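*Asks:* One structure is given below, represented as C-alpha cells, and several questions about it will come after.
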Ligand SMILES: [Cu+2]
C-alpha cells in the first residue's frame with residue numbers, strides 16, 4: 011500500500027504519524043500468523059486435506075462398486091444357497107413350480123445346480139443330457155441312480171424331506187469335477203454329501 015518513492019516524511023504528510031507507525035503492523039501480524047501455522051502444522055493441514063480427499067474417493071469408489079455388484083448379479087454367479095462338500099460348478103438356483111422341474115446335465119454340471127422345493131413334496135425331475143458324455147443323476151439316500159446318455163431325457167421322482175433338510179445329488183462320473191447340486195427348502199445350512207468320491211467323509 012505504501013506509495014513507492016516516498017520517504018517517511020512525505021508519508022507522514024500524507025497519512026499522519028499513525029500511518030507510519032502502524033505500517034509495520036501487517037508484517038508482525040503475518041509473522042504471527044506464520045509462526046502459529048508452523049511448517050509441521052501446515053503439513054498436518056495438508057495431510058488432513060489429503061486424507062479427506064482420499065476418503066471421498068474411497069466413498070465414491072465404494073458406491074460405484076455397490077452399484078456395479080448389484081447390476082452384475084446373475085443367477086449363475088449367485089452364492090450357493092446351501093453348502094456342499096467338494097467342488098461345485100454352480101449354474102444357479104431355481105424354484106420348483108407345479109411339482110416338476112427340468113434339470114440339464116452337461117459337461118460337467120447340473121443346471122440349475124440348486125433346486126428350491128417345499129418340504130415333504132415329491133418333485134418330478136425331467137433330466138436332459140445336453141452334454142457329450144454319459145451323466146448320472148444320483149441320490150444314495152433315495153436309491154436313485156439314473157444314467158442318461160447324450161441327447162436323452164428321462165424322469166425321476168425325488169422326495170423332499172419334510173424337515174426341509176437339503177438333499178445332495180450328483181453325477182457318479184463327474185462329481186470330482188464339480189458335477190453336483192442340491193435340493194433345499196430354505197437357504198443356509200449344509201447338504202449331507204451322499205457321494206463317496208468327494209472325500210467329504212459323509213459317504214455311505
Ligand atoms: Cu456327469
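In our numbering, the protein residues as written are 11 to 214. Backbone N, C-alpha and C define an ideal beta-carbon position, used for all residues, glycine too. On a predicted model such as this, the values are computed, not experimentally measured, just so you know.
(1) Can you list, in chain order, the residues of its chain with a C-beta nearer than 7 Å to that of residue 127? Leave out the 5 residues immediately preceding and following it.
(2) How long is the line joining the alpha carbons of residue 200 and residue 92, rounded to whole angstroms?
(3) I'd like the list of long-range same chain contacts for residue 156, defined as Cβ closer than 8 Å, with 5 residues on each side in sequence excluded.
(4) Considering only their Cβ atoms, is the gap separating residue 191 from residue 183 smaller than 8 Å?
(5) Mapping DSSP to helix, strand and coil, what is residue 143?
(6) Report all residues from its chain with a CB closer than 7 Å to the CB of residue 141; omit the five preceding and five following residues, and keep chain order.
(7) Considering Cα atoms alone, identify which of 130, 109 and 186 is closest to residue 119.
(8) Any heavy atom of ligand 1 closer than 7 Å to the CB of residue 194?
(9) So, at 7 Å on beta carbons, what are the nonlocal neighbours of residue 90 in its own chain, with the 5 sequence-adjacent residues on each side left out?
(10) For residue 121 and residue 158, what's the separation of their Cα atoms in angstroms?
(11) In the structure shown, what three-state DSSP assignment does residue 169 receive?
(12) What I want to know is whether the C-beta of residue 147 ends up closer than 7 Å to one or more non-hydrogen atoms of ligand 1.
(13) Helix, strand or coil: how does DSSP classify residue 151 here?
(14) In whole angstroms, what is the alpha-carbon distance linking residue 202 and residue 151?
(15) How long is the line joining the alpha carbons of residue 102 and residue 175, rounded to whole angstroms?
(16) Can residue 186 be considered in contact with ligand 1, in the sense that its beta carbon sits closer than 7 Å to one or more heavy atoms?
(17) Kindly examine ligand 1 and report whether one of its heavy atoms sits closer than 7 Å to the Cβ of residue 124.
(18) Apart from the five residues just before and just after residue 189, which ones in its own chain have a Cβ nearer than 6 Å to its Cβ?
(19) For residue 201, verify whether its CB is less than 7 Å away from any heavy atom of ligand 1.
(20) Any heavy atom of ligand 1 inside 7 Å of the beta-carbon of residue 179?
*Replies:* Put simply:
(1) As a working note, residue 127 is residue 117 in the chain shown. Within the same chain, residue 127 has close Cβ partners 106, 133, 170, 193 and 195.
(2) Walking along the chain shown from the start, residue 200 turns up at place 190. Walking along the chain shown from the start, residue 92 turns up at place 82. Roughly 5 Å between the two C-alpha positions.
(3) Start at 1 with the first residue of the chain shown, and residue 156 comes out as number 146. Within the same chain, residue 156 has close Cβ partners 137, 146, 147, 148, 164 and 166.
(4) Position 173 of the chain shown, counted from the start, is the residue given in the question as residue 183. Position 181 of the chain shown, counted from the start, is the residue given in the question as residue 191. Contact flag unset, no.
(5) Translated into the one-based positions of the chain shown, residue 143 becomes position 133. Secondary structure at residue 143: coil, using DSSP grouped into helix, strand and coil.
(6) Position 131 of the chain shown, counted from the first residue, corresponds to residue 141. Answer for residue 141: 115, 116, 117 and 160, listed in chain order.
(7) The residue given as residue 119 occupies position 109 in the chain shown. Cα-wise, what sits closest to residue 119 is 186.
(8) Looking up residue 194 in the chain shown gives position 184. No, the beta carbon of residue 194 sits no closer than 7 Å to any heavy atom of ligand 1.
(9) Here residue 90 corresponds to residue number 80 of the chain shown, with the count starting at 1. So the list reads 98, 100 and 124, once near-sequence residues are dropped.
(10) Within the chain shown, numbered from 1, the residue matching residue 121 stands at position 111. Within the chain shown, numbered from 1, the residue matching residue 158 stands at position 148. One C-alpha to the other measures close to 15 Å.
(11) Working through the chain shown from its first residue, we reach residue 169 at position 159. In this structure, residue 169 counts as strand in the three-state DSSP scheme.
(12) Against the chain shown, residue 147 aligns to sequence position 137. Every heavy atom of ligand 1 is 7 Å or more from the Cβ of residue 147, so no.
(13) For the purposes of this step, residue 151 is taken as residue 141 along the chain shown, with counting starting at 1. Of the three classes helix, strand and coil, the one that applies to residue 151 here is helix, per DSSP.
(14) Residue mapping note: residue 202 aligns to position 192 of the chain shown, counting from 1. Residue mapping note: residue 151 aligns to position 141 of the chain shown, counting from 1. Distance between the alpha carbons of residue 202 and residue 151 is about 10 Å.
(15) Along the chain shown, read from residue 1 onward, the residue named residue 102 stands at position 92. Along the chain shown, read from residue 1 onward, the residue named residue 175 stands at position 165. Distance between the alpha carbons of residue 102 and residue 175 is about 19 Å.
(16) To locate residue 186, count along the chain shown from 1; it is residue 176. No, since every heavy atom of ligand 1 falls outside the 7 Å radius drawn around the Cβ of residue 186.
(17) Residue numbering aside, residue 124 sits at position 114 when the chain shown is read from its first letter. Checking every heavy atom of ligand 1 against the Cβ of residue 124, none is found closer than 7 Å.
(18) As a working mapping, residue 189 is identified with position 179 in the chain shown. Closer than 6 Å at the Cβ level, and outside the excluded window around residue 189, lie 118, 119 and 181.
(19) In the chain shown, the residue the question calls residue 201 occupies position 191. Checking every heavy atom of ligand 1 against the Cβ of residue 201, none is found closer than 7 Å.
(20) Within the chain shown, numbered from 1, the residue matching residue 179 stands at position 169. Taken from the Cβ of residue 179, every heavy atom of ligand 1 lies 7 Å or farther away.
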